[in-house]
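The block underneath contains the structure these notes are about, expressed in structure tokens.
Protein chains: 2
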Amino acid sequence: MNREKRKALESAGFRIGDAEEFLGLDEEERRLVELRVSVSRCVRRLRQRRGLTQQQLAAKMKSSQSRIAKIEAAAADVSLDLLFRGLFAVGGRLGDVTDPALRRRRGA
Amino acid sequence: MNREKRKALESAGFRIGDAEEFLGLDEEERRLVELRVSVSRCVRRLRQRRGLTQQQLAAKMKSSQSRIAKIEAAAADVSLDLLFRGLFAVGGRLGDVTDPALRRRRGA
DNA sequence: TGACAGCATGTCAGATGCGACATATCGTGA
DNA sequence: TCACGATATGTCGCATCTGACATGCTGTCA
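Those protein sequence lines, which keep their order, are chains A and B.
Oh and the first sequence: position 76 is 76 in the numbering used here, straight run, nothing missing.
Oh and the second sequence: position 17 is 17 in the numbering used here, straight run, nothing missing.
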């Protein structure tokens, strides 16, 4: 209801308390999206590096090829849970996910 | 269906292909749980550091106090999405989550 | 002792995510 | 051109997650 509520309020041009609350929410949302994209890229990168097809990775995760495609597209109907599941399934670690906020060093 | 299917198979003492597939799954599951716990701890730590109550954090996230309690308990019915939402809401970053696999440096 | 603030636990109906499947698109070798 | 393997997209019914709310537990201040 989070997203919906906010969208409803925003589209109505609503003002609650201070505007910073809204900005804060957008910021959090942005970071979440960044994280999703980072993880999804990481999954694709590692999967390809290992020479696995989406089908094979799907089997490994006991999921389906279409889900993998959606993971790698960071599709809206894919949760962070599934994204990280994918990451771990291709042998990735948390450290393999480049923190967009901290972007230092780390080739690729 | 993932968890359920596997549990069903395991409790039946089923053997499919090679056992490593099962071990692999357990390993992934373990990492996922570790991640959940790491993030949840991080949320509590940062929330307290900022002197926020669960109630206040809940308001910030447009969620409820009970959800925050569950986040910080890494309860089973809380998703990684919500955990990270909480992390970002308390101003945390991905780098604030100590990677259990990489545990280096980092005081606290 | 009571009152109160903060955190934990349980339940619900509705929203969201899931695997599965069908099907479409793309790339590439014959 | 066709065939085919890989990836993408859309939909479905069912499972899980969500916010909200009620309620319980614990500490603390008077």
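Where a beta carbon is used, it is the ideal one built from N, C-alpha and C, also for glycine.
None of these values were measured; they are calculated from a predicted model.
Residues in the same chain with beta-carbon distance under 7 Å from residue i, minus the five sequence neighbours each way, listed in chain order, please.
i             : result
R36 (chain A) : A74, L80, L83
A89 (chain B) : L57, K60, M61
I71 (chain A) : S40, V43, V78, L82, L83, G86
Measuring alpha carbon to alpha carbon, tell me which of the options ends up nearest residue i.
i             : options                    : result
E29 (chain B) : A:I71, A:D77, A:G95, A:G91 : A:G91
Enumerate in chain order the residues of its own chain whose CB-to-CB distance from residue i is below 6 Å, with the five nearest sequence positions on each side excluded.
i             : result
E21 (chain B) : Residue placement at E21 (chain B) cannot be trusted, given a pLDDT of 48 that sits under 50; what the coordinates show is reported in the next sentence. Closer than 6 Å at the Cβ level, and outside the excluded window around E21 (chain B), lies no residue.
R47 (chain A) : L57, V90
R31 (chain B) : none
A76 (chain A) : none
To the nearest angstrom, how far is the alpha carbon of residue i from that of residue j?
i              : j             : result
A108 (chain B) : Q65 (chain B) : Summary for A108 (chain B): the model assigns pLDDT 40, below 50, so the residue's position carries little reliability; its value from the coordinates is reported in the next sentence. If you take the alpha carbons of A108 (chain B) and Q65 (chain B), they lie about 26 Å apart.
Q55 (chain B)  : I68 (chain A) : 37 Å
T53 (chain A)  : R45 (chain B) : 40 Å
L26 (chain A)  : V33 (chain A) : For clarity, residue 26 (chain A) is Asp in the given sequence; the question names Leu instead. So the two alpha carbons sit approximately 10 Å from each other.
R93 (chain B)  : R49 (chain A) : 27 Å
With a threshold of 8 Å on Cβ separation, who are the neighbours of residue i within its own chain once the five nearest residues in sequence on each side are excluded?
i             : result
D96 (chain B) : C42, L46, L87
Does the beta carbon of residue i fall short of 7 Å from some heavy atom of the ligand MG?
i             : result
R31 (chain B) : By its list of ligands, the structure shown contains no ligand whatsoever, and the ligand MG lies outside what it can speak to.
- Start-end ranges of the alpha helix (DSSP H) lying completely within the region 13-98 of chain A, minimum 4 residues: The qualifying runs are 19-49, 54-61, 65-72, 80-89.
- Near-chain B residues of the region 72-89 of chain A (beta-carbon distance less than 7 Å), N- to C-terminal order: S79, L80, D81, F84, R85, F88, A89
- Using Cβ-Cβ distances below 7 Å, what residues of the region 27-46 of chain B are close to chain A? E28, R31, L32, L35
- Using Cβ-Cβ distances below 8 Å, what residues of the region 46-60 of chain A are close to chain B? K60
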